[in-house]
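Engineer:
In the numbering used here, the protein residues as written are 190 to 329.
#1: Closer than 8 Å is the cut-off here; do at least three beta carbon pairs connect the stretch 227-239 with the stretch 205-217?
#2: For a test of the three-state rule: what should DSSP assign to residue 219, helix, strand or coil?
#3: Rounded to whole angstroms, what's the CA-CA distance from residue 322 to residue 304? Just pull it up for me.
#4: Using DSSP with H/G/I as helix, E/B as strand and the rest coil, what is residue 271?
#5: Do residue 269 and residue 311 have their C-beta atoms within less than 8 Å of each other?
#6: Put residue 190 into one of helix, strand or coil per three-state DSSP.
#7: Determine whether the beta carbon atoms of residue 249 and residue 214 lie at a separation below 8 Å.
#8: With a threshold of 8 Å on Cβ separation, who are the neighbours of residue 326 within its own chain once the five nearest residues in sequence on each side are excluded?
#9: Rounded to a whole number of angstroms, what is the C-alpha to C-alpha distance between residue 191 and residue 307?
#10: Since residue 296 contacts residue 228 with CB under 8 Å, what's their CB separation in whole angstroms?
#11: Return the chain-ordered ranges of every alpha helix (DSSP H) run that is complete within the stretch 224-307 and spans a minimum of 4 residues.
Set out below in structure tokens:
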């Protein structure tokens, strides 16, 4: 059980890193401006640390015995929960309105899209650690 918990948390942390790099890179190379997204975070240790820790905590959901044979689907579906928290709690509490529309009309799509990548990256890590490659051949 410890191995599964460790793999789920580590997968979420890796997914959080991937997500952080994606949103930072979007701002840095101009994609955010191109699509009308005002969210351009600074890439620094405190910002990254909190995103990786929260990413790890959220992906403890991978321990639930749901869709065990569909790892990427599990990650994608479980990523909808942190997306909902961002869109309905975090961004409104930052003064950006419901769904974070203060950052731009495309914010909900970006949050959900990047979180889908986060969830699939986390689930891929989890599957690799737990299944030792066997499941990867089946899903991949």
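Glycine is no exception: its CB is placed at the ideal position from the N, C-alpha and C atoms. Keep in mind that this is a model prediction, so the values were computed, not measured.
Structural biologist: Let me lay it out:
#1: yes
#2: Walking along the chain shown from the start, residue 219 turns up at place 30. The answer is coil: DSSP assigns residue 219 none of H, G, I, E or B.
#3: Within the chain shown, the letter at position 133 stands for residue 322. Within the chain shown, the letter at position 115 stands for residue 304. Here residue 322 scores only 49 on pLDDT, less than 50, and its place in the model is too uncertain to base an answer on.
#4: By one-based count along the chain shown, residue 271 stands at place 82. Reduced to three states, the DSSP call for residue 271 is helix.
#5: Stepping through the chain shown from its first residue, residue 269 is reached at position 80. Stepping through the chain shown from its first residue, residue 311 is reached at position 122. Against a cut-off of 8 Å, the Cβ pair of residue 311 and residue 269 comes out as no contact.
#6: The sequence position of residue 190 within the chain shown is 1, counting from 1. Residue 190 falls in the coil class under three-state DSSP.
#7: Stepping through the chain shown from its first residue, residue 249 is reached at position 60. Stepping through the chain shown from its first residue, residue 214 is reached at position 25. For residue 249 and residue 214, no; Cβs fall outside 8 Å.
#8: Taking the chain shown and counting its residues from 1, the one referred to as residue 326 is at position 137. Only weak support exists for where residue 326 lies, its pLDDT of 47 falling under 50; the value from the coordinates is given anyway. Within the same chain, residue 326 has no close Cβ partners at all.
#9: For the purposes of this step, residue 191 is taken as the residue at position 2 of the chain shown. For the purposes of this step, residue 307 is taken as the residue at position 118 of the chain shown. Distance from the CA atom of residue 191 to the CA atom of residue 307, rounded to whole angstroms, is 22 Å.
#10: The residue given as residue 296 occupies position 107 in the chain shown. The residue given as residue 228 occupies position 39 in the chain shown. Confirmed, Cβ separation roughly 7 Å.
#11: 234-247, 260-267, 269-274
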